[in-house]
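*Asks:* The sequence shown begins at 30 in our numbering and counts up by one.
Glycine included, C-beta positions come from ideal geometry on N, C-alpha and C.
Note that the structure is predicted; figures quoted are calculated from it, not measured.
Dumping the structure here so I can ask a few things about it.
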Amino acid sequence: MIALYHSHPECTRFSAEVQGCEPVPGQENLYCVTLSDTAFYPTGGGQPCDLGTLDGCPVVDVTHEGDEAPILHFVRSERPLSGTVTGCIDVARRRDHTQQHSGQHLISHVLYERFKAYSLGLHIGREDAYVDLVDDGGFRLTREVCDDVEREINEWIARDEPVRCFFPTQQELAELPLRKKPDPHEALRIVCIGKEEAVACCGTHVRSTAQVQMVHILSWQQSHGNLRVFFVAGLRAVQYAALRIAQADAAAKLFSCNVADLAASVERLRVQGQEQARQLGEARKALVLGKLAAIEPEKCARGNLYIAVLNGADSAQLRDGISDVTRRDPMAVCFLAACAGEQFDAALGTGAQCGVHAGNALKAVLTALGGKGGGRPDSAFGRCARMDEDAVRTVLRSMMD
Ligand SMILES: [Zn+2]
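Set out below in structure tokens:
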């Protein structure tokens, strides 16, 4: 069988003889097809397989279980395929994978040259791709380092260095600048990029570095003791950049500034927002304190009852409010509430001399209002779905009269 994806990587339409076509057990209309030749790259080396059609029938998976094993094409078809068939590769998918894969070679080359960071493996996902690097602690990636690595890769792309894939003789192999010593018994396929980079690889590659178009390192993280570097290359990188350019332009328009000044404008707005939030917090606090000071207590047999709904207050202010009132009036039973979205926060505090248990009192009040809460003898907190001051008064007075 001839692997056309190696011998003729530009071939995306080919004819081949069907050598085997077996129904896949348990799968309706799915056949496992072997061919005399194929341009379908099978999943391997972190690169997903090619998809496409065989005689117009969708190829949904392509696998290869080793050098000696046949390449298996899984084809959706209502009848078995036979004779000579025409295979068509999904060109956009192949190009995308080729760009990610070749982009990874450039990242691996630059990181090895700079840090002797040896690449372990590649994974190409639907949105992004990653390469795992041996992390011996001898280097640290930062955004600045990655920007610089990208600049060097862009130089490679601009120089349009040729990419050559071949099966070298033992003599050629001995002269190649390979990072890893090859196994002399293995038939190695080598990819050379320019004169400096040579690595054993079975994936699909661009013909020259300009076809990689662009590489952008997205992020990096520790993974099982290695360093995992996420990236986009080729059209993915162009689309990634285009989306961000559009967003940056739109944001700059909202700020009436240049994109170059966008970060500074956002920072100014953030600081301004923080200051306004601080001022608003102080104003609300003063308002709540004013309302608290104005509550007229109701005299009861076992204490003085304070009830107020302080809309605009948060739970911390309710907490401060009950402690303020109960400190001022040791006979106080103070119930405060405030709207919190679709519910109400509630707090109840009792003064040292009033003899009412705050936790029990709030529990009784909130049960009447369809809520839940409780707490200590002197302070309790909870939430309820509705607020009714008369219902609160009735429950608390029944405990205090
Ligand atoms: Zn490769």
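Inspect the beta-carbon positions of residue 362 and residue 429 and report whether they are closer than 8 Å.
*Replies:* In the sequence shown, residue 362 corresponds to position 333, counting from 1. In the sequence shown, residue 429 corresponds to position 400, counting from 1. Going by C-beta atoms, residue 362 is nearer than 8 Å to residue 429.
*Asks:* Among the residues of its own chain, which have a CB less than 7 Å from the CB of residue 420, if the five just before and after it don't count?
*Replies:* The sequence position of residue 420 within the sequence shown is 391, counting from 1. Answer for residue 420: 397, 398, listed in chain order.
*Asks:* Quick one: complete beta strand (DSSP E) runs, 3+ long, within the segment 391-427?
*Replies:* Runs found: 401-404, 408-413.
*Asks:* What did DSSP end up calling residue 72 once you bin it into helix, strand or coil?
*Replies:* Looking up residue 72 in the sequence shown gives position 43. Coil at residue 72, not helix or strand.
*Asks:* Excluding the 5 residues flanking residue 50 on each side, which residues of the same chain have their C-beta closer than 7 Å to its C-beta?
*Replies:* Here the question's residue 50 lines up with position 21 in the sequence shown. Here the set comprises 60, 62, 109, 110, 111.
*Asks:* Who are the Cβ neighbours of residue 163 in its own chain at under 7 Å, not counting the five residues just before and after it?
*Replies:* Position 134 of the sequence shown holds residue 163. Once the five neighbours on either side are set aside, the close Cβ partners of residue 163 are 146, 147, 149, 255.
*Asks:* Tell me the rounded alpha-carbon separation between residue 406 and residue 354.
*Replies:* As a working mapping, residue 406 is identified with position 377 in the sequence shown. As a working mapping, residue 354 is identified with position 325 in the sequence shown. The C-alpha of residue 354 is placed about 16 Å away from the C-alpha of residue 406.
*Asks:* Under the DSSP definition of a beta bridge, which residues are partnered with residue 249?
*Replies:* Reading the sequence shown from its first residue, position 220 is the one you call residue 249. Looking at the DSSP assignment, residue 249 forms a beta bridge with 258.
*Asks:* Considering just the uninterrupted stretch of the beta strand (DSSP E) at residue 342, what are its terminal residues?
*Replies:* In the sequence shown, the residue the question calls residue 342 occupies position 313. Residue 342 -> no beta strand (DSSP E), and no H or E assigned at all.
*Asks:* What number of angstroms, rounded off, separates the C-alpha of residue 426 from the C-alpha of residue 334?
*Replies:* As a working note, residue 426 is residue 397 in the sequence shown. As a working note, residue 334 is residue 305 in the sequence shown. Near 8 Å, if we compare the C-alpha coordinates of residue 334 and residue 426.
*Asks:* For residue 76 versus residue 262, is the C-beta distance shorter than 8 Å?
*Replies:* As a first step, residue 76 is located in the sequence shown; it is residue number 47 there, counting from the start. As a first step, residue 262 is located in the sequence shown; it is residue number 233 there, counting from the start. Not closer than 8 Å, so no.
*Asks:* For a test of your reading of the model: does the CB of residue 114 fall under 7 Å from any non-hydrogen atom of ligand 1? Yes or no.
*Replies:* On the sequence shown, position 85 is the one that residue 114 refers to. Every heavy atom of ligand 1 is 7 Å or more from the Cβ of residue 114, so no.
*Asks:* Decide if residue 387 is buried, meaning its Cβ has at least 16 other Cβ atoms within 10 Å, or exposed.
*Replies:* Taking the sequence shown and counting its residues from 1, the one referred to as residue 387 is at position 358. With 16 or more other Cβ atoms within 10 Å, it is buried.
*Asks:* Check the Cβ-Cβ distances between residue 108 and every residue of chain B, and say whether any is below 8 Å.
*Replies:* Judged by its chain identifiers, the structure shown contains no chain B, having just a single protein chain.
*Asks:* When you measure from the CB of residue 19 to every non-hydrogen atom of ligand 1, does any distance come out below 7 Å?
*Replies:* In this structure the chain extends from 30 to 430, so residue 19 is not present and cannot be described.
*Asks:* I'd like to confirm something about residue 232: is its beta-carbon nearer than 7 Å to some heavy atom of ligand 1, or not?
*Replies:* Within the sequence shown, the letter at position 203 stands for residue 232. Yes, since a heavy atom of ligand 1 falls inside the 7 Å radius drawn around the Cβ of residue 232.
*Asks:* So, helix, strand or coil for residue 176, using DSSP?
*Replies:* As a first step, residue 176 is located in the sequence shown; it is residue number 147 there, counting from the start. Here residue 176 carries a helix assignment [DSSP, helix/strand/coil].
*Asks:* Would you report the Cα separation of residue 78 and residue 344, rounded to the nearest angstrom?
*Replies:* The residue given as residue 78 occupies position 49 in the sequence shown. The residue given as residue 344 occupies position 315 in the sequence shown. Distance between the alpha carbons of residue 78 and residue 344: 57 Å.
*Asks:* In whole angstroms, what is the alpha-carbon distance linking residue 284 and residue 300?
*Replies:* Residue 284 sits at position 255 when you count from the first residue of the sequence shown. Residue 300 sits at position 271 when you count from the first residue of the sequence shown. Going from the Cα of residue 284 to the Cα of residue 300 covers about 15 Å.
*Asks:* Could you please give me the residues that DSSP links to residue 387 through a beta bridge?
*Replies:* As a first step, residue 387 must be located in the sequence shown, where it is residue number 358. Per DSSP, none; premise fails for residue 387.
*Asks:* Compare the Cα-Cα distances from residue 144 to each of 133, 124, 305, 166 and report the closest residue.
*Replies:* Position 115 of the sequence shown, counted from the start, is the residue given in the question as residue 144. Each of 133, 124, 305, 166 was checked against the Cα of residue 144, and the nearest Cα belongs to 166.
*Asks:* Could you give the residue range of the alpha helix (DSSP H) that holds residue 142?
*Replies:* As a first step, residue 142 must be located in the sequence shown, where it is residue number 113. Per DSSP, residue 142 belongs to the alpha helix (DSSP H) from 120-144.
*Asks:* Please find out if some non-hydrogen atom of ligand 1 comes closer than 7 Å to the beta-carbon of residue 253.
*Replies:* Residue 253 sits at position 224 when you count from the first residue of the sequence shown. Outside the cutoff, so no.
*Asks:* Should residue 191 and residue 237 be called a contact, given that it needs their Cβ atoms to be closer than 8 Å?
*Replies:* Walking along the sequence shown from the start, residue 191 turns up at place 162. Walking along the sequence shown from the start, residue 237 turns up at place 208. Yes; because the gap between Cβ atoms is below 8 Å, this pair is in contact.
*Asks:* Roughly how many whole angstroms lie between the Cα atoms of residue 266 and residue 259?
*Replies:* Working through the sequence shown from its first residue, we reach residue 266 at position 237. Working through the sequence shown from its first residue, we reach residue 259 at position 230. Rounded to the nearest angstrom, the two C-alpha atoms are 12 Å apart.
*Asks:* Sorted by chain position, which residues of the same chain lie with C-beta nearer than 7 Å to residue 90's C-beta, five sequence neighbours on each side aside?
*Replies:* Residue 90 sits at position 61 when you count from the first residue of the sequence shown. If we look at residue 90 and ignore the five residues flanking it on each side, its Cβ neighbours are 78, 103.
*Asks:* For residue 209, count the other beta carbons within 10 Å of its own beta carbon; 16 or more makes it buried, fewer makes it exposed. Which is it?
*Replies:* Numbered from its first residue, the sequence shown carries residue 209 at position 180. By the 10 Å Cβ count, residue 209 comes out exposed.
*Asks:* Roughly how many angstroms separate the alpha carbons of residue 153 and residue 161, rounded to a whole number?
*Replies:* Within the sequence shown, the letter at position 124 stands for residue 153. Within the sequence shown, the letter at position 132 stands for residue 161. Straight-line Cα distance between these residues: approximately 12 Å.
*Asks:* Compute every distance between the C-beta of residue 138 and the non-hydrogen atoms of ligand 1, then say whether any falls below 7 Å.
*Replies:* Along the sequence shown, one-based indexing puts residue 138 at 109. No, the Cβ of residue 138 stays beyond 7 Å of every heavy atom of ligand 1.
*Asks:* Measuring straight from C-alpha to C-alpha, what distance separates residue 199 and residue 139?
*Replies:* Numbered from its first residue, the sequence shown carries residue 199 at position 170. Numbered from its first residue, the sequence shown carries residue 139 at position 110. The straight-line gap from Cα to Cα measures roughly 27 Å.
*Asks:* Sort out for me which residues DSSP pairs residue 63 with in a bridge.
*Replies:* For the purposes of this step, residue 63 is identified with residue 34 of the sequence shown, where counting begins at 1. Beta-bridge pairing links residue 63 to 49.
*Asks:* Please state the DSSP three-state secondary structure of residue 37.
*Replies:* Sequence index remark: in the sequence shown, residue 37 carries index 8 (1-based). In the structure shown, residue 37 adopts coil according to DSSP, grouped into three states.
*Asks:* Which residue comes first and which comes last in the alpha helix (DSSP H) that contains residue 294?
*Replies:* As a working note, residue 294 is residue 265 in the sequence shown. Unbroken alpha helix (DSSP H) run through residue 294: 291-322.
*Asks:* Would a C-beta distance cut-off of 8 Å place residue 413 and residue 364 closer than the cut-off?
*Replies:* Taking the first residue of the sequence shown as position 1, residue 413 is located at position 384. Taking the first residue of the sequence shown as position 1, residue 364 is located at position 335. No, these two residues do not count as a Cβ contact at 8 Å.
*Asks:* Below 7 Å, is the gap between the Cβ of residue 102 and the nearest heavy atom of ligand 1?
*Replies:* Reading the sequence shown from its first residue, position 73 is the one you call residue 102. Residue 102: no, Cβ never under 7 Å from ligand 1.
*Asks:* Could you tell me if residue 423 is buried or exposed, where buried requires 16 or more neighbouring beta carbons within 10 angstroms of its beta carbon?
*Replies:* As a working note, residue 423 is residue 394 in the sequence shown. For residue 423, the number of other beta carbons within 10 angstroms of its own is below 16, and it is reported as exposed.
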